[in-house]
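Structure, as structure tokens:
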Amino acid sequence: MSQFYGTMQGSKSAKTCQGHKTQGLDATINGWGKGVRVRATYNEATEREEFAIFETTGSNRSGSDKLIQVIKSGSAPDNCPHCMKGITGDPDACPDCEQKL
Ligand SMILES: [Zn+2]
């Protein structure tokens, strides 16, 4: 079973693509001047799936990809299970005791 599963639908029938934990999955949709790229990876240390979303310069390739946002599976708890301090945002580790969340 693959960690990641991608689908693309254009003017022809849909295509699928699988990515294992170790390789991840990388997808790009480009126009001429702009586009988006999503890189899916599995973070062994945090045991979370991560999706990095980039803005591209399209098929013109006039510059490098710009990171827009990283989305992660799961979410940090409201309180650290190790030191019980409150957690704000969605960090991978507790800002106080630095234990993995
Ligand atoms: Zn803590």
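First residue of the sequence shown: 1196, per the numbering used here; consecutive thereafter. From the three backbone atoms N, C-alpha and C, an ideal C-beta is built for every residue, glycine too.
- For the 8 Å CB-CB criterion, Gly1253 and Asn1225 form a contact.
- By the neighbour-count criterion, in which a residue is buried when 16 or more other Cβ atoms sit within 10 angstroms of its Cβ, Leu1262 is exposed.
- With 16 or more other Cβ atoms from the protein chains shown falling within 10 Å of its own Cβ, Ala1235 counts as buried.
- Beta-bridge analysis with DSSP links Leu1220 to Ala1235.
- Between the beta-carbon of Lys1295 and that of Ala1288 there is about 5 Å, and that keeps the pair under the 8 Å contact cut.
- In this chain, Cys1292 is not harboured by any beta strand (DSSP E), its DSSP state being neither H nor E.
- Looking at the DSSP output, Met1203 sits in a beta bridge with Lys1210.
- His1277 and Glu1293 have their C-alpha atoms roughly 9 Å apart.
- A distance below 8 Å separates the beta carbons of Lys1229 and Glu1250.
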